[in-house]
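For reference, the structure discussed in these notes is given below.
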Amino acid sequence: LILVNEYCANEELFDKESVKISDLLIQDIQLYALVDEMLKEDKYQVQHTILKGIIKRKYDEAYSLNSEDRILLEYQERLLEPSYMSFSNKKFK
Numbered sequence: 002l003i004l005v006n007e008y009c010a011n012e013e014l015f016d017k018e019s020v021k022i023s024d025l026l027i028q029d030i031q032l033y034a035l036v037d038e039m040l041k042e043d044k045y046q047v048q049h050t051i052l053k054g055i056i057k058r059k060y061d062e063a064y065s066l067n068s069e070d071r072i073l074l075e076y077q078e079r080l081l082e083p084s085y086m087s088f089s090n091k092k093f094k
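Numbered by the working numbering, the letters in the sequence shown go through residues 2 to 94 in order.
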């Protein structure tokens, strides 16, 4: 965490090491949660956005779905949306 703080304070170092940092964070979700919370400060907004984008891209690459699985996942996500759930509850009461 101290190194992440140093990386964020030094933009040049952050740019150079952001991929390395993201690799570490992807391997340890608890560490990612801590770093994510730390970077929510206004002064780290740019670094937070960059790191989040890199991590999202790497997760998307590692866990990509074929079209059938993606359609099924989107359907399941829609079923779990609060607005859909409240509508369904009213409909069946």
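All C-beta atoms, glycine included, are put in the ideal place defined by N, C-alpha and C.
Going by C-alpha distance, which of the options is nearest residue i?
{"i": "A140", "options": "I55, A63, D43", "result": "The requested residue 140 is not part of the displayed model; the chain covers only 2 to 94."}
{"i": "R58", "options": "D16, L14, I27", "result": "I27"}
I'd like the span of the alpha helix (DSSP H) that includes residue i, first residue to last.
{"i": "Y33", "result": "30-39"}
{"i": "Y76", "result": "68-81"}
{"i": "Y60", "result": "46-63"}
Please confirm whether residue i and residue j have their CB atoms less than 8 Å apart.
{"i": "E18", "j": "Y8", "result": "yes"}
{"i": "Q48", "j": "L40", "result": "yes"}
{"i": "I56", "j": "S23", "result": "yes"}
{"i": "L74", "j": "L66", "result": "yes"}
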